[in-house]
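All you need for this note's numbering is the position in the sequence shown, starting with 1, plus 1048. In this text, a Cβ means the ideal position worked out from N, Cα and C, and glycines have one as well.
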Amino acid sequence: MNIGIFGTGMVGQQIAAALTAQGHSVMIGTRDVSKSLANTETTAMGMPGFGAWHKDHQNIQIGTFAQAATHGEILVNATSGAVSIEALTSAGANNLGSKILIDIANDLDFSKGMPPVTKTTDSTGSSVGEKIQAAFPNLKVVKTLNTMNAFIMVNANLVENGNSTVFINGNDSEAKKTVTGILESFGWKDIMDLGDITASRSVELLLPIWLRAWSVIGNTPFNFKIVR
Ligand SMILES: NC(=O)c1ccc[n+]([C@@H]2O[C@H](COP(=O)([O-])OP(=O)(O)OC[C@H]3O[C@@H](n4cnc5c(N)ncnc54)[C@H](OP(=O)(O)O)[C@@H]3O)[C@@H](O)[C@H]2O)c1
């Protein structure tokens, strides 16, 4: 299947590599292709810059946000939540069409240092997932994977043999079924459907506790688990 991923950061990289390894044709979208490919500087998280990473992943295509939107039958939003609407607007509503968009974004404000502040409860009281769905009503937005580190997203077995919890929500049941299949392909077994797109607010609001837990646990893989 053709997949378009918006975002050159560690989430875009991990999702792109995992889906490519499964045999999908993946294009990553960015604002400036040349600039992204020229970026070989190690990030603050100790990750290779996109250009350095791409040298080892040349089977993954790179294009503008609009080209990635056109390429993908299924789309993934892995842009910074504060600018996701801007990125999707530059992808173009016509190119987005009525496709499934897997939204992984959180709106975090790093301007005052660590831990960042989550901006989900802003004056509109809504989440990135809801804002994308409202701005692009034809898209089938499915929110998932935003509550864990990028490496765990595509390899659930890193925590509890794949038995920790991944949340999913969105308005379209068929789209959620399709995305559930993708999650299963990443090893997820405990996939909890929280309902319609308004549930994005609750999962985006898990970030403050995730970030605090990270400051205690560090880089050892961990995740939320709903115990019944
Ligand atoms: N990192 C994690 O482990 C993790 C875990 C859970 C959820 N998330 C969420 O997943 C998303 C991606 O995270 P990340 O760490 O991979 O990358 P990120 O640094 O949060 O975002 C990178 C992407 O945002 C785009 N971007 C930045 N400013 C922009 C603007 N003004 N207009 C359009 N696009 C812009 C960048 O475009 P260019 O390519 O053009 O620079 C880049 O592709 C975020 O929302 C994050 O909160 C991350």
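Going straight from the alpha carbon of F1272 to that of F1054, what length do you get?
26 Å
Let's see if you can read the secondary structure: which residues bound the beta strand (DSSP E) around K1188?
1188-1192
Can you check DSSP and say which residues form a bridge with N1217?
Partner(s): K1191.
In angstroms with no decimal places, state the Cα-to-Cα distance between T1195 and M1240.
Taking the straight line from one Cα to the other gives about 12 Å.
T1192 and V1214 look like a contact to me (Cβ under 8 Å); what is the Cβ gap, rounded to whole Å?
6 Å
For my contact list, N1125 and L1144 are in at a C-beta cut-off of 8 Å; report their separation, rounded to the angstrom.
Wrong, their Cβ atoms sit about 10 Å apart, outside the cutoff.
Pairs of beta-carbons, one from the region 1093-1101 and one from the region 1125-1144, closer than 8 Å: are there three or more?
no
Between the Cα of T1091 and those of E1121, D1080, T1056, I1200, spot the shortest distance and give me the residue it belongs to.
T1056
Rounded straight-line distance, which links the Cα of K1103 to that of A1141:
31 Å
Mark S1212 as exposed unless 16 or more other C-beta atoms lie within 10 angstroms of its C-beta, in which case mark it buried.
buried
State buried or exposed for S1263, treating a residue as buried only when at least 16 other CB atoms are found within 10 Å of its CB.
exposed
When we look at the beta-carbon of Q1106 and count the other beta-carbons within 10 Å, is it buried (16 or more) or exposed?
exposed
Is M1162 near ligand 1, judged by its Cβ being under 8 Å from some heavy atom?
no
Helix, strand or coil for Q1109? Go by DSSP, reduced to three states.
Residue state, collapsed to three classes: strand.
Endpoints, beta strand (DSSP E) assigned at V1124:
1122-1125
Taking L1242 and I1180 to be in contact with their CB atoms under 8 Å, please state how far apart those CB atoms are, rounded to whole angstroms.
Here L1242 is actually not in contact with I1180; their C-beta atoms are around 17 Å apart, not less than 8 Å.
Given 8 Å, three or more beta-carbon pairs between the region 1108-1119 and the region 1074-1088
yes
Ligand 1 heavy atoms versus the CB of G1129: any closer than 8 Å?
yes
If distances are taken between C-alpha atoms only, which option among E1208, P1163, E1232 comes closest to G1266?
The shortest Cα separation from G1266 among E1208, P1163, E1232 belongs to P1163.
Looking at K1188: is its Cβ nearer than 9 Å to the Cβ of A1139?
no
May I ask whether a heavy atom of ligand 1 can be found less than 8 Å away from the beta carbon of T1192?
no
Since L1067 is in the alpha helix (DSSP H), which residue starts that stretch and which ends it?
1058-1069
Do D1155 and A1183 count as a contact pair if the criterion is CB distance below 9 Å?
no
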